[in-house]
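Scroll down for the structure; my scribbles are underneath it.
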Amino acid sequence: MAAAPVQAQISVGIGVEPGCPYGYYDYAPYNCAPYGYYGPDWFNSGVFIGAGPWFHGPHGFYGHVDNRYDPHYGYHGPFPDRGAQPFGHFQGNEARDGRGHIGNAGHPAGGEHMGGFSGGGHPGGGGGGHMGGGGGGHH
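Below is the structure:
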């Protein structure tokens, strides 16, 4: 009896918004961003407003990011797993729109506290230690 042929099937999930606890980068392959990259501007009622093709923010939006956590700027630290619980604080140093363009948010990043996300995380903990002890390496 001959073996029946088997068809290979690959699923990439194109069109499906990444399930990242702190948002995802605004460029392909849309990897999960670490805590501290996006500030509270990027969250509405605890829900990430999206970036790249899944951006759901208002026209003309610019929100603060901390580009020290961007691989395009040399970040090589840890990244959260999809589905990880959020935690921490934010220190923004740049403003971007939902498509990755640098601009002016119209307000300073100072005074923005907590990422605005929802979930089981808490400042300085949670996330299964994926971010190196709760601060993501802020100095």
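Under our numbering, read the sequence shown as residues -19 to 119, first letter to last.
Note that the Cβ used here is the ideal one computed from N, Cα and C, for glycine as well.
Using a Cβ distance threshold of 8 Å, CYS0 and PRO60 count as a contacting pair. Between ALA89 and ILE82, the beta carbon gap of about 13 Å keeps them out of contact (Cβ cut-off 8 Å). Nearest in C-alpha terms to GLY19, of all of ALA31, TYR10, VAL(-4), ALA8, is ALA31. In this structure, the straight-line span from the alpha carbon of GLY57 to that of PRO38 is close to 31 Å. Here DSSP, grouped into helix, strand and coil, assigns GLY32 to helix.
PHE28 and ASN84 have their C-alpha atoms some 20 Å from each other.
By the CB criterion at 8 Å, ASP6 and GLY78 fall inside the cutoff. By alpha-carbon distance to TYR42, the top candidate from CYS12, GLY86, TYR2 is GLY86. Excluding its 5 nearest sequence neighbours in each direction, TYR53 has C-beta neighbours in its own chain below 7 Å: ASN47, listed in chain order.
Counted as a single uninterrupted DSSP element, the stretch harbouring HIS56 is not any beta strand (DSSP E), since DSSP gives it neither H nor E. Contact check for TYR10 against TYR49 fails: the beta carbons are separated by 8 Å or more. The straight-line gap separating the alpha-carbon atoms of GLY3 and PRO33 is approximately 13 Å.
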